[in-house]
Structure formats: C-alpha cells, structure tokens
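Written below as structure tokens is the structure these notes are about.
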Amino acid sequence: MESRQLSRLLEMQQKILESIASGQSRRQILDDLCLMIEALVPEALTSVMLLNPESGSLNVLAGPTFPAEAIPYFNGMTPSPVMGSCGNAALSGEPVYVTDVCSDPRWNGLREAANKLGIGACWSIPFFSEKQETLGTFAITLKNRGAPTPFHCRILEIASSIAGITIRNRQREERLLQWNTVFRDASEGMVITNAQGAIIDVNQSFTNITGYAKDEVLGKNPNILNSGCQDTAYYQHMWDSLQTSGRWQGEIWNRRKQGDIYPEWLSISRIDNEEGKPFNYVAVFSDISRIKESERKLYHLAHHDPLTGLPNRLLMTTRLEHAVQQSKRTPIHLALMFIDLDHFKNVNDSYGHALGDQLLVNVARRLSSHLRSGDTIARIGGDEFVVLLEQLEQPNQAAALAQSCIDTLARPFAIAGQEIFITPSIGIALFPEDGNDADTLLKHADIAMYRSKEEGRRQYSFYTKKLSDKVRERLKCEMLLRRALQHQEFELHYQPQVCANNCKIVGAEALLRWNHPEQGQILPDKFIPVLEETGLIQEVGAWVLQTACRQMQEWEGMGLPKIRLAVNLSAKQVSPECINQRLQKILAESGFSPDRLELEITEHSIMQGVDSGNQPLSSLRELGVSLAIDDFGSGHSSLMRLKQLPVHCLKIERALVKDIPDDLDNQAICRAVVALGHSLGVRIVAEGVESEAQADFLRSIGCDELQGYLYGHPIAADKFRQMLVGHH
Ligand code: C2E
Ligand code: MG
Ligand code: MG
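Numbered according to the working numbering, the sequence shown spans residues 112 to 839.
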C-alpha cells in the first residue's frame, strides 16, 4: 500500500470518527463514509445495507451516489446464495468478492438489476453487532470486472467496521432513549441510588406515589420512606438477598410525605460495575393499596353474608377451626351456639320476603349488640345464626348468653309499621366435651337446637342433655333467688353460743334460711354457692348483716342481755368496698356496737388467698370488729398466715367434734387447736356439740365456748328472743 493511500485512509478514518463523536446523524455519517470511499476508489459505487432482524431482509441504508431506480431492486431482498454479493455476505458472515457478476451464479437472483445497471464486479463485507450477529453489509460496486487489491480489501474492512460502529452506537442510543421514556413515563415509581444508597434519580411516578419531589430526595437514602411496619430483620433479609443474588422483591409498607402509609410491591436490582462491585441500585415499585383494597373487598364478599353483613359459614368455620386449634394449646373453653328462628317461614309467607329480610337484619343487629366483644356471630343459612363464644369459664355463661339472646328477641320488632314477634331455638355444643373439631361442634350444636325445637321452642339446650338439665336448674335457681330477694323470702335464724364453763349464752350466730314458696325452708349449703357465683351474695350478704345488727339493737332496746353477734361472710364479700364502705355504713345505721360483731370466714376461703393482701381484713381491726375462722381444722392453715390476720377466734369444725370422744386422732387435733389458739391469744369455740360427752371433753381440754344442738338449734328470731328472755 502506498504511503499516500495510507495517509488518505487514516485521514478518512479520523474524519468519520470525529463526526461519530460529535453526534452526527447515522444517515449523515454513513453517506459521508460512502463518499469518502468513492473518493479513494475511482468509479466505485458504495452502499450500506442493513439487515432487518424482524423481517430478515436487507435494505439500502446509504448509497448516496447510487441511481435512484436501482434501489428498489435491492430493497427487501432476503439473504440467500443467489442474492448477489451482499445477500451472500449477510448469509455467510464472510466477505464476498464477486469479480465477474455476469457469469457468477451468486448473482442469479439479481440478474435483471445487474444487467440494467451494468455491474461488473461487487465486493461486500458484513458487519456485526456486539453479540456477533450480522447487522448489515458494506459493498463496493464497479462497472468493470475485477478482484480487489489488498488496498481495496483494507478499505472495505475499515468501511464496514465504521458502519458497524455507527449502527451499534445508534442502537445503543435508541435503547437509551427507550429506557429514558420508560423511566419517565412508567406508572411504577423508580429510584436509582449509588452504591452507598444515596438517591441519584427518581421518576415522576415516584413523586406521584410518595409525595416527595425529586429535589427533596436527591442524595438522601430511600429509608426516608420507612413506615416502621417492617422490623430490622425484614430489611436485613432484603439486604442479604441483594448482596447474594443481586435482586429482591416483595411487599412492603412505606410512608408517604403526607404521613399515611401504603403497601407497595417493590423490586430492587443491583447493578455492578466491570469489577463486579455494586455500582447502582434500581428500585421499581407500584402502589398496591388499590389492589389491597379490592382484595379486602373480595375477601369480605367471599366471607360475609350480603344481607346482614355478618360473617358467613365459611368465615365462621375458619374462625372456629382457629379457636379449636388455640384451645388445644391453652385451656380456653369454647361454646358454639346454633340459633334458629322459630316459624320464620310464616313471616315470609304472611308479610313477604322483603319484610322477612328486614327482620333478619334486625335480628342480626340485636343479637350482635348483645354479645361480648370477643364473640363471633355468623349467619350460616336463611334464618340460622351461629355464635362462637370464646374464653368461657363455665357452661353456665353460655347458657346465660343463650337465655339473654332469647330475652332480647322477645321484644317485638317494628318493621314497616308492623309489630313482628319472633322467637329462637338455640342449641349449644361445648369444646372439647361435645366435639374436637369444627364440623362436629357445628353438627352437635345443630342437633341440640333440634332438641330445643322438640321441647317446645323458645329455649336453649346443650348437646349433653344432663348438662342441659343441670344448667337449667342452676339458672332457674338463680332466677328464683333474685325473686326471693325482692319478695323477702330470706330469713335469719339464730343459734346460741354458750360459755363452756357455765353454759350461759354469750353469743348468737346468724344463719340464713330461704323460705321457698313451694319447697319450704331451704338450707344455705344449697343456695350460697349460687349466690356466690352470680354475685348476688353481695346484696344478700348486706341484707344479712343489716338485718342481724338491727335485730340485736332491737333486743337490746327491749332490755335483753348484750350478747355477741356472729355473722358468716363469704369469701366473695371480702373486698375493701364491702368491708370499708358497706359494713361501716350498716354499723353506723343500726347503731350496733362493732366490738360485739364477729365475722366468720371459713378457713378454706382464707387460705385460698382470697384476700392475698389481707388489706380488707386488716381494716376490720380499725373498725373494731372481730374475726373468727370458721370450720377450723378442715383446711390447711398456714400458721404464718394466721399470725398475720386480725383473728380473735377459732371455731373447731363440726366434723372434728362429731366423733369425739371416741376418735383419738380427733381428740388430739382438738387439743392441738386449743393449744395453738391459746398461745396466739384467741378464743376457741367448738361447733356441732350434740352430746354431754362431747361437751365434757371439749371443756376438759380448755375450749372457751360451745355451739351445737345440745344448747339449741338455729331458730327463728322470735323464738330466739323468747329463749334469751327465759335464759335470764
Ligand atoms: P357454719 O357457719 O359452720 O354454720 C354452722 C352450721 O352447722 C349451720 O348449718 C348449723 O345449722 C349447723 N349446726 C349447728 N349446730 C349443729 C349441730 O349440733 N349438729 C349439726 N349436725 N349441725 C349443726 P347451716 O345453717 O345449714 O349453715 C351452713 C353453712 O352455710 C354455714 O356453716 C355457713 O358457712 C353458711 N352460711 C349460713 N348463713 C350464711 C350467711 O348469712 N352468709 C354466708 N356467707 N354464709 C352463710
Ligand atoms: Mg359459721
Ligand atoms: Mg362452721
């Protein structure tokens, strides 16, 4: 190659590279390239063809001196062994030098064009993409036949290489442009950060979603969006995944600039530099609060009854299964209540379905407002409701709730100017007694409901019939006790307590009696537990204290001897409120002297720690009221405990006295109790003394006072007064 040719070649190369660098258009660069080559090779026609990757055909991209009528012959041709030099070059990826177009079969497919244009020779070289796929060809066409010289070959190589650079450059630009558009117009928010996590760009959707403008966040860390909803472990996991796999995606709650939080679907990719070190992070996210909301709505639709808005069978079953699962771990009692409206069909038949629907809505509302906050009510069929009661302490509670559901539905419903009456039949199944899983419990509650129907509707039944009867009786008793309080069916009897040495009456124990209108007198052991369970003990207990204190005052006013009054106190009554307020008030109102009042609390309830702080009992001391421990010897007294309490008296329990003097063990215990009591400085009373032999023994071991049938049964106030009078 001559040095002149070489320097012209270099000059051309330089010019073209400069125009590429200066951002000239692709067309302009390629046209310039063609013209420069033509200036170097006299009589040459140059052209650049581009391969369309979609259609697979070649098209003339540049050929500034090519006759216009020639172009259509070559445009759109598919590379093949007969489609000329370029067709072959594009096909094989190799340079193709056709030295005699006329006779060369490789031009067979372009014969007409060759003849018309009078082509003698055509040399073509392909150029490639970065992935070595053919992008197009550069060709020199000559009127004369002939082979290329080494200079020509060099020129062709350089020209095709420049054409390749130009096209590849352009493709990159196009791609960048596309990405720019995607970045700018995407509905997803996008954030790009540097390796240190500082934001270097965000798009418009970022601003739309987060409320932050671009210049507010540039340089900041994306954690300005943290809502605090995810813990550090969550972010650590995200970070780990980015480090190991270069990607992370998931759902995350972020906080907008305005302060509200929203869910987004976020995907983050790490972009590495050439050394494989993190260079950028790109995050793309979309606000999925709408999706979440519609998911929520869908979930609601699928899990609720459209008429009443209550959970449906599906949701109820899920909750029930969950509750059962939970209960297996912790002993929470569950009850399932199946409620069916009696003769609901009649309502539909006589008032129409619209009104029937209204009634169901109202029933649902009334029932819901009646339940405790943790309970779930569902409508599982036309007129069928199911209530799941959790954290029950006793079956009684379920029964009470069922009864109150019946009561609340008993009030008439006013709908569309009509007064409608409806009653429910209720069945109750208990977990785990009546079933270990959701299906069985539902089935058994249903069966129990049918029993309520059979037995006359408007009532509840337990699946276990025995329980039904027991609970019903209990509740009936409760109801009767409430009535007893209102109707003054309670009465106090008094039993004397005598001095062991001279048998003089020194005190009286007030004992509660219930004069049942049908069953006659009922003893306290039968009903005190019910009073305690229902809380009625507070009212009844206050009545007992009040009545006994008044009675004593009255007798004193009549000139009868001043004796001590013993009143039994239930463990449930030992509260600051009862002692400090109620007792004080009663004492003040009756005028009865506190130092003559003795409260009896069983050893059992004291040791059970009812009064763990001893606070209410300690305040008895300040009131001047004394304390007796009833049924002493039955429980497991802690001596420490005894010492802490303001005790004045120990009452030896009846059971110990019963077998005296025959039982030597009991004798020993009684002796020990007396010794213990006296060493603590308290009085000893023996209960249940029925025989002189018992009395003699108890007296001999030092008992201070005796109480029992031997000295008098508990008797009505009037009779006791007479006894006191006679005693004098
Ligand atoms: P308690 O305080 O140990 O009362 C003594 C019980 O023994 C009384 O039974 C009395 O009738 C009975 N009794 C008395 N002497 C003899 C006897 O010689 N032989 C036999 N076999 N029994 C005798 P009651 O009246 O049925 O009272 C039972 C329990 O009910 C009482 O035991 C007391 O714990 C409780 N109670 C009675 N009245 C009240 C009250 O007003 N409030 C509270 N919270 N409990 C009460
Ligand atoms: Mg007592
Ligand atoms: Mg007793």
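A virtual CB, placed ideally from N, CA and C, is assigned to each residue, including glycine.
Beta-carbon proximity check, residue i vs residue j, cutoff 9 Å
i	j	result
N305	F390	yes
A556	D548	no
L623	V655	yes
L162	T248	yes
S840	N199	The structure shown has nothing for residue 840, since the chain only spans 112 to 839.
K576	R562	yes
L151	Q124	no
D398	R490	no
S191	A250	no
P144	I278	Checking the displayed sequence, the identity of residue 144 turns out to be Leu instead of Pro. Taking 9 Å as the Cβ cut-off, L144 and I278 do not qualify as a contacting pair.
A677	L603	no
R256	G220	no
Q570	I537	yes
L447	V498	yes
K331	A297	no
beta-carbon residue i near ligand 1 non-hydrogen atom, thresh 8 Å
i	result
V678	yes
L753	no
D840	For the chain, the structure presents residues 112 to 839; residue 840 sits outside this window and is missing.
I690	no
E644	no
D742	yes
H789	no
Q818	yes
L603	yes
S701	no
G837	no
P727	no
Where the alpha helix (DSSP H) through residue i begins and ends
i	result
D398	Careful: D398 lies outside any alpha helix (DSSP H), inside the beta strand (DSSP E) at P389 to D398.
G361	Element bounds for G361: not the alpha helix (DSSP H) but the beta strand (DSSP E), R358 to R366.
D548	Run containing D548: none; DSSP gives neither H nor E here.
S378	Not the alpha helix (DSSP H): S378 falls in the beta strand (DSSP E), residues I372 to D383.
S271	P261 to D296
F808	E803 to S811
C197	G195 to S203
Where the beta strand (DSSP E) through residue i begins and ends
i	result
H454	First-last for H454: undefined, no H or E at that position.
S572	Y571 to F573
K762	V758 to I763
A797	R794 to A797
H627	I616 to H627
G844	Because the chain in this structure spans residues 112 to 839, residue 844 falls outside the shown range and cannot be described.
S536	P535 to F542
P237	A232 to F239
A250	T245 to L253
Residue i classed as buried or exposed, judged by whether at least 16 other C-beta atoms fall within 10 angstroms
i	result
I795	buried
D636	exposed
V582	buried
K325	exposed
W359	buried
G819	buried
C233	buried
F185	buried
P535	buried
P259	buried
A475	buried
D722	Confidence at D722 is low in this model, with a pLDDT of 46, below 50, so its placement is unreliable and the value that follows should be read with caution. D722 comes out buried.
Heavy atom of ligand 2 within 8 Å of residue i beta-carbon
i	result
E600	no
E620	yes
E711	yes
K56	Only positions 112 to 839 of the chain appear in the structure, and residue 56 is not among them; the question remains open.
**Prompt:** Is the region 669-688 in contact with the region 696-708, if contact means three or more CB pairs nearer than 8 Å?
**Reply:** yes
Assess, as a yes-or-no matter, whether the region 747-760 is touched by the region 775-782 under the definition of 3 or more beta carbon pairs within less than 8 Å.
no
Inset, instruction - Pair every Cβ in the region 624-633 with every Cβ in the region 682-691, then say whether three or more of these pairs are closer than 8 Å. - result: no
Review point. Counting pairs of Cβ atoms below 8 Å between the region 309-321 and the region 345-354, do you hit three or more?
Key: no
message: With three or more beta-carbon pairs closer than 8 Å as the criterion, would you say the region 793-808 touches the region 762-771?
response: yes
Touch check for the region 406-426 and the region 326-338: three-plus C-beta pairs under 8 Å? no
| Is the region 455-475 in contact with the region 504-517, if contact means three or more CB pairs nearer than 8 Å? | no
- Query: Is the region 207-218 close to the region 134-142, with three or more CB pairs under 8 Å?
  - Reply: no
| Three or more beta-carbon pairs under 8 Å between the region 823-836 and the region 605-618, yes or no? | yes
Margin query: Three Cβ pairs or more, each shorter than 8 Å: is that satisfied between the region 433-440 and the region 462-474?
Written below: no
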